[in-house]
Amino acid sequence: MGNASSMLTQYDIEEVQEHCNYLCESSAVSQQEIVALYERFCQLDRSANGFISADEFLSIPEFSLNPLSQRLLKMVDGLNFTDFVAFLSAFSPKASIQHKIESIFRVHDIDGKGRVTLKDLLEVLRDLTGSFMSEEQRKVLCTPCSFNFFCHF
Amino acid sequence: MRLIKENLTLSSLSLSCSHDSRFHPRPLPRSVALALPRARLTMAGLGASITEADLDHPNIEEYLTAESIKEAPKRLHLRDLIDISPTLKEAAGAIVDDSFTRCFKSNFPEPWNWNIYLFPSWCLGVVIRYGILFPLRVVILALGWIVFFAAFLPVHFLLAGHNKWKRKVERKLVEMMCGVFVASWTGVVKYHGPRPSMRPQQVFVANHTSMIDFIILEQMTPFAVIMQKHPGWVGFIQKTILESLGCIWFNRTEAKDREVVARKLREHTQGADNNPLLIFPEGTCVNNQYTVMFKKGAFELGCAVCPIAIKYNKIFVDAFWNSKKQSFTMHLVRLMTSWAVVCDVWYLEPQYLRRGETPIEFAERVRDMIAARAGLKKVPWDGYLKYFRPSPKLTEKKQQIFAESVLERLDK
């Protein structure tokens, strides 16, 4: 536990829960989960800044190994606790489908322009396949994916 | 935290989707057929089943194989490209809990002083520990040091050269000093198994929780240990006293250091007169509930490996030294202001490299023995990941698996 106050009050918990409910229109995170996540947040936030830096995320080897870690880092770098819970709430079984798809959409649309373009798909595929697939092969895979599935949010 | 799998069908999605008129549907090449009306975007990967058991017994083979790739249907569907949920699930799982960080977590004992009558007894305990025991222990330690130096320095400087008698006296003095240390924390150490004998061609390996492991073992046998060079007063002691035992130093941050150290290790084990070599193959202090991967350096010296298992009882104090959080001095102070340090030491049967076994397999086998004896859980991570990032080769392996599975279906 860092030097930051590791005591969450009931008000704090409810505030975080409200924020998540507002974002995903359903109660995705229970109060107990928020308390457990807070413990984890304090464990990761070693410098006790109130947010987890990219470096602290990368110190989790399992996360570092993930091919999408750099993309995710752009999304999670410098998140305070409320946003941290909001980000992870998409992975809860109680989160709505809409929320989950939004999450995947945001990972693809990393620069936040509201659309997923061919370039974004190519970049994600590049992250996932690395040097084991040539650029032409990736283009062949992505080009037919006309964006019937990806929508404006 | 447990999350459960979920599925969804595309039909429910299409109602909330609005098509962007800028993108016109194009005729699809035959190689990548998208069965549009029947396509289902499965969110199966987005929920995860992360159980405690999974995290405590991860298997690196399990982790690196195609767990993230679903059972492949014959044709490539759009969902396989867009649905990055398995990878995302792994990343989120790692953020929520991961087995590596668990190895270095100091588990604080439950406070027991929360009651109206327990609290005063706890206060009394604090007064006794800090007011009576601690000063007493500091005095004992100081006296011990004085006696030690009074005897050691003359022997060390006056008896020049590699005098057998000199070495014997120095060993005995170091053993005595370690005994004083253990007494200064009221160490209750139970040794099981045959005492290590001074024979050539053998190394001792043990799991590592704190630098006091060395002191506890040294009390019984004059080991020569290989350790990281430390700054401050510890470094000073390393340079002056421990050199006489034949200890070897290494530097984690130097890349070429490895070969030099390997050579020194080999030379040491060949010498008949040298103290038995003690190695902590984990390379770093772990919290005595888990073991990280053993480095193979100790297992490729071509001699017998004698495992030692050390388990601390947390009843009075947690002996894990979290070197990022505390200096060694503060760690010692914490030990000296607790009631006692209780631990068990098991000397296990010497092991030899079997025919057809690689040093890495040998290391794993010995790790199994030590973990089983001391009741520790095994983790497939390298302890040095505390200081360095994982090698990109592991990420590349995952990328390779994904790419190959996609490409093989592309050709169909």
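Residue numbers (the numbering used here), protein chains in the order written: chain A, 1 to 153; chain B, 1001 to 1412.
We treat Cβ as the ideally placed atom computed from N, Cα and C, and that holds for glycine.
### Query
What does residue 130(A) touch in chain B if you count any residue whose Cβ is under 8 Å from its own?
Scanning chain B for C-beta atoms nearer than 8 Å to the C-beta of residue 130(A) yields 1395, 1396, 1399, 1400, 1403, reported in chain order.
### Task
Taking all protein chains shown into account, decide if residue 1267(B) is buried (16 or more other Cβ within 10 angstroms of its Cβ) or exposed.
Exposed.
### Query
So which residues on chain B does residue 66(A) lean against when the C-beta distance must stay under 9 Å?
The answer, in chain order, is 1087, 1088, 1090, 1091, 1094, 1395, 1398.
### Task
Mind listing the chain A neighbours of residue 1381(B)? Cutoff is C-beta to C-beta under 7 Å, in chain order.
Within chain A, the residues placing a beta-carbon under 7 Å from that of residue 1381(B) are 61, ordered along the chain.
### Query
What in chain A is Cβ-close to residue 1390(B), meaning under 8 Å?
Result: 61, 64, 65.
### Query
Roughly how many angstroms separate the alpha carbons of residue 1224(B) and residue 66(A), rounded to a whole number?
Roughly 41 Å separates the two Cα atoms.
### Message
Less than 6 Å between C-beta atoms, sequence neighbours within five positions excluded: which residues of the same chain meet that for residue 1035(B)?
### Response
With a pLDDT of only 32 at residue 1035(B), under 50, the local geometry of the prediction cannot be trusted, and the value read off the model is given with reservation. Nothing listed; no residue qualifies.
### Message
Looking at the secondary structure, which residues open and close the beta strand (DSSP E) in which residue 1339(B) lies?
### Response
For residue 1339(B), there is no enclosing beta strand (DSSP E), as DSSP marks it with neither H nor E.
### Message
Distance check for residue 1156(B) and residue 1205(B), CA to CA, integer angstroms please.
### Response
The alpha-carbon separation between residue 1205(B) and residue 1156(B) amounts to approximately 29 Å.
### Query
List, in order along the chain, the chain A residues whose C-beta lies closer than 9 Å to that of residue 1105(B)?
Residues of chain A whose Cβ lies closer than 9 Å to the Cβ of residue 1105(B) are, in chain order, 43.
### Task
Compute the Euclidean distance between the alpha carbons of residue 1152(B) and residue 1339(B), then round it to the nearest angstrom.
Rounded to the nearest whole angstrom, the C-alpha separation of residue 1152(B) and residue 1339(B) is 31 Å.
### Query
Quick one, are the C-beta atoms of residue 1276(B) and residue 1363(B) less than 8 Å apart?
No; because the gap between Cβ atoms is not below 8 Å, this pair is not in contact.
### Query
To the nearest angstrom, how far is it from the Cα of residue 1365(B) to the Cα of residue 1315(B)?
Taken atom to atom, the span from the alpha-carbon of residue 1365(B) to that of residue 1315(B) is near 30 Å.
#### Entry: Beta-carbon proximity list for residue 1218(B), same chain, < 7 Å, skipping 5 on both sides
Around residue 1218(B), the same chain offers 1174, 1175, 1178 as residues with beta carbons nearer than 7 Å, after the five sequence neighbours per side are excluded.
### Query
Does any C-beta atom of chain A lie closer than 8 Å to the C-beta of residue 1101(B)?
Yes - at least one Cβ of chain A is within 8 Å of the one on residue 1101(B).
### Query
When you compare each of 1369(B), 1357(B), 1336(B) to residue 1348(B) by their alpha carbons, which one comes out closest?
Taking each of 1369(B), 1357(B), 1336(B) in turn and checking the Cα distance to residue 1348(B), the smallest one comes out for 1369(B).
#### Entry: Pick from 61(A), 52(A), 138(A) that is closest to residue 1090(B), judged by C-alpha positions
Comparing Cα positions, the closest option is 61(A).
### Message
Along the segment 105 to 134 of chain A, where does the CB come closer than 9 Å to a CB of chain B? Name the residues.
### Response
So the close ones are 107, 108, 115, 116, 121, 124, 125, 127, 128, 129, 130, 131, 132, 133.
### Query
In three-state DSSP terms, what is residue 1321(B)?
Of the three classes helix, strand and coil, the one that applies to residue 1321(B) here is coil, per DSSP.
#### Entry: Closer than 8 Å at the beta carbon, the chain A residues around residue 1332(B)
Going along chain A, no residue has its Cβ under 8 Å from residue 1332(B), so there is no contact; the nearest lies around 22 Å.
### Query
Can you tell me where the beta strand (DSSP E) with residue 1291(B) in it begins and where it stops?
Here the beta strand (DSSP E) through residue 1291(B) covers 1290 to 1293.
### Under 8 Å from the C-beta of residue 8(A): neighbouring residues of chain B
Simply none; closest approach about 17 Å.
### Query
Does residue 1318(B) come within less than 8 Å of chain A when only Cβ atoms are used?
With 8 Å as the cut-off, residue 1318(B) does not count as an interface residue toward chain A.
### Task
Could you tell me if residue 1171(B) is buried or exposed, where buried requires 16 or more neighbouring beta carbons within 10 angstroms of its beta carbon?
With 16 or more other Cβ atoms within 10 Å, it is buried.
### Query
Nearest to residue 1112(B) by alpha carbon, out of 1125(B), 1104(B), 1101(B)?
Taking residue 1112(B) as reference, the option from 1125(B), 1104(B), 1101(B) with the minimal CA-CA separation is 1125(B).
### Task
Using a Cβ cut-off of 8 Å (strictly closer), state whether residue 69(A) contacts chain B.
Output row for residue 69(A): interface = yes.
### Query
With 16 other CB atoms within 10 Å as the buried threshold, where does residue 1100(B) fall?
Burial call: buried.
### Message
Determine, for residue 51(A), whether the minimum Cβ-Cβ distance to residues of chain B falls below 8 Å.
### Response
Under the Cβ criterion of 8 Å, residue 51(A) is not counted among the residues facing chain B.
#### Entry: Backbone secondary structure at residue 1256(B) - three-state DSSP
Of the three classes helix, strand and coil, the one that applies to residue 1256(B) here is coil, per DSSP.
### Query
Is the CB of residue 81(A) under 8 Å away from at least one CB in chain B?
Answer no: the Cβ-Cβ gap between residue 81(A) and chain B never drops below 8 Å.
### Query
Given a limit of 7 Å on CB to CB distance, which residues of the segment 9 to 24 of chain A reach chain B?
Within the segment 9 to 24 of chain A, no residue has its Cβ closer than 7 Å to any Cβ of chain B.
### Task
Spatial neighbours of residue 121(A) within its chain, please: CB distance less than 6 Å, with the 5 preceding and 5 following residues excluded, ordered by chain position.
142, listed in sequence order.
### Message
Quick check on residue 1263(B): buried or exposed, where buried means 16 or more other Cβ atoms within 10 Å of its Cβ?
### Response
Its Cβ having fewer than 16 others within 10 Å, residue 1263(B) is exposed.
### Query
Does the segment 1375 to 1391 of chain B come close enough to the segment 1290 to 1305 of chain B that 3 or more CB-CB pairs lie under 8 Å?
The segment 1290 to 1305 of chain B vs the segment 1375 to 1391 of chain B: in contact.
### Query
By a C-beta neighbour count over all protein chains shown, 10 Å radius and 16 as the cutoff for buried, is residue 1302(B) buried or exposed?
The residue in question, residue 1302(B), is exposed, as its Cβ has fewer than 16 Cβ neighbours within 10 Å.
### Task
Would you identify the three-state DSSP class for residue 15(A), choosing helix, strand or coil?
In this structure, residue 15(A) counts as helix in the three-state DSSP scheme.
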